[in-house]
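Structure, as structure tokens:
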Amino acid sequence: MAHTLPPPVPGTHAEPARPAPRHADTLERARQTLRTRAHWSPYSEDPEDPRSYGPGAREAGEAAFRALLGREFALDQPGRDGTVGPAPETGGERSPYGGLLEVSYPHCDPDVLLPAMQAALPAWRDAGPRTRAEVCTEILHRINARSSEFAHAAVHTSGHNFLMAFHAGAVHAQDRGLEAVARALEEQTRMPASALWRKPMGDGRTLSISKTFTAVPRGISLVIGNSVFPAWNGYPALFASLATGNPVLVKPHPAAVLPLALTVRIAREVLTEAGFPADLVCLAAEHTGEGLARRLAVRPEVRLVDYAGTTAFGTWLEDNARQARVFTSVSAVNSVLVESTGDYRDMLANLAFSVSLYSGQLCTSPQNLLIPREGIGTDKGHRSFAEVVADLGGALAELQLAALEAVPVWERVLSAEVAAMAGHGKIEIPTGPMVAYRTLAGLGGAAHRFRLDDPWLDLAEDPAGTDSLSGWSTDEDADAPVQPCQRRRTNNS
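Under numbering that gives the first Met the number 0, think of the first position of the sequence shown as 0, with each following residue one higher.
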């Protein structure tokens, strides 16, 4: 069944009272940056910057994040028919650092929610591109003011350290959102909104036609989040769709709901204050095993789908969501060609650092090393393929062990503290890993476990892939390669 929207009628839409534009300078600077490709950002990368975030912003952000835990996350969306969470078995989130967030979210019936979002579209469409851009920029402005809160949410959903979370989960995601808004405004205003067309006729008369042009939205946009970088990957899609007049339904990954739920809540607040329906932006949290993304993606009301994640699901969306325009950003294949080097030791250290940076979570992390079968030339003489692979493994082991030695207090203090807290019921120790973990023994015999995300690194000698080191799927597979590294460390100490 085809879903249609009422056409725009020029001059008939009664504009609600809007706040005076606050972000005209920001939008103009963003548009100039698009044209020049220079570096510029209105959002400070320093979480301790008092001019941008005020004194004590990091601590205040953590307090705000912790105030969300163990509570219901209210959104007042139409069609509520249940609750997601707070327990993991009902869709609740678990921190990668241990413990449960115990946040619950509304579950909504798509048969009620989607028509409400469609009904919100005409007023937003008729507001025009400049008003939409202004409102979108205000949403980003308010998100930016709470960047530390967003960072702590990213720490305990995606597993980042705080600084990475502040960048990828907050200010850099905001940069990408603003870029999308500026690009949308640029494209929508490139052509005139109205024109008087005149054509002289042969009998001395002039034929005049007054024309108006309205950018027509496609319909509801479905943004499907991932667990590693939900804001960084999701904001370009969310704000591009919203700025071009489309309602946005945000379907977060079950492991990382909170960052996008906060985004939706702020967007709804700003839209309401600006005189628009809050249902232009909604959240679609799902029960465990529900498969909601697949159901929503093929709904006839959904006309845009944005997804960043695995190739398999991206391909499924392209094959099945035929009623929608589908945009996917799927798994990258980042290769490094190792041909020769004038500094073999530093090359190994650089490669080890690159594949380990941010726990290997960056989409730009190297995934494939191309090494000639006959080996490479170095300042240390010729190195065979096998020697390069073995030496790189040693460099990775040294990097990991160095990280362990940097935190010797763990085995003296933290283990006892964790045991005491667990014994008094202050924290919960997960009964099973969410993903494979690697165990390394630090100095003094303390065991340290590290979360691994698949895929990691591939080392392939030939097309058959007879020599490869790829992602681990079980704890046993993860621990097995570590034993030679531990013995080598013991022998060299």
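Glycine included, each C-beta is placed from N, C-alpha and C at the ideal position.
Reduced DSSP category for residue i - H, G, I as helix; E, B as strand; rest coil
i: R124; result: helix
i: V170; result: helix
i: N367; result: strand
i: H381; result: strand
i: V215; result: coil
i: F72; result: coil
i: H140; result: helix
i: S240; result: helix
i: R293; result: helix
i: R189; result: coil
i: A323; result: coil
i: S353; result: helix
i: R298; result: coil
i: T205; result: strand
i: G308; result: strand
i: A150; result: helix
i: V222; result: strand
i: R267; result: helix
i: S157; result: helix
i: R197; result: strand
i: G288; result: coil
i: V337; result: coil
i: V280; result: strand
i: G313; result: helix
i: G376; result: strand
i: V256; result: coil
i: V247; result: strand
i: V332; result: coil
i: V180; result: helix
Proximal residues to residue i (C-beta, below 6 Å), its chain only, five neighbours per side dropped
i: V329; result: T310 and G313
i: G69; result: E101
i: L241; result: C135 and V247
i: L395; result: A351
i: V325; result: V304, L316 and E317
i: A59; result: none
Presumed contact (8 Å Cβ cut-off) between residue i and residue j, rounded CB distance
i: P229; j: L259; result: 5 Å
i: A152; j: F64; result: 6 Å
i: A273; j: V134; result: 5 Å
i: T205; j: R197; result: 5 Å
i: V337; j: L369; result: 7 Å
i: E137; j: R21; result: 7 Å
i: A323; j: L291; result: Wrong, their Cβ atoms sit about 16 Å apart, outside the cutoff.
i: A277; j: V297; result: A277 to V297, Cβ: 26 Å. No contact.
i: G374; j: R382; result: 5 Å
i: V256; j: A236; result: Not quite, the Cβ-Cβ distance comes to about 17 Å (not below 8 Å), so this is no contact.
Buried versus exposed, by CB contacts within 10 Å (16 or more), residue i
i: I219; result: buried
i: N143; result: buried
i: L26; result: buried
i: Y52; result: buried
i: L184; result: buried
i: E92; result: buried
i: R34; result: exposed
i: F352; result: exposed
i: M200; result: exposed
i: W231; result: buried
i: V269; result: buried
i: N245; result: buried
i: V222; result: buried
i: D80; result: exposed
i: H159; result: buried
i: P105; result: buried
i: R175; result: buried
i: T262; result: buried
i: G341; result: exposed
i: D390; result: buried
Close Cβ partners of residue i (< 8 Å) along its chain, the five nearest in sequence each way excluded
i: F212; result: M190, P191, A192, S193 and A194
i: E300; result: H2, L113, P114, M116, Q117, G218 and I219
i: F275; result: P15, A119, A122, W123, A126 and V134
i: R30; result: A181, L184 and E185
i: L99; result: P85, A86, P87, G91, E92, R93 and E427
i: R50; result: S43
i: T82; result: E71, T89, S103, Y104, P105 and H106
Residues of its chain near residue i, where Cβ-Cβ distance is below 7 Å and the 5 sequence neighbours each way are ignored
i: H166; result: E44
i: G464; result: At G464, the pLDDT of 42 sits below 50, so the modelled position is not reliable; the number obtained from the coordinates is stated separately. If we look at G464 and ignore the five residues flanking it on each side, it has no Cβ neighbours.
i: R141; result: I265 and V269
heavy atom of the ligand ATP below 6 Å from residue i C-beta
i: I370; result: Ligands displayed in this structure: none; no statement on the ligand ATP is therefore possible.
Exercise for the section: Any chance you could list the alpha helix (DSSP H) runs of at least 4 consecutive residues sitting entirely within the segment 28–58, in chain order? Expected result: 49–52
Exercise. Can you give, in chain order, each stretch of the beta strand (DSSP E) that sits fully within the segment 64–115 and has at least 3 residues?
Worked result: 79–83 and 104–107
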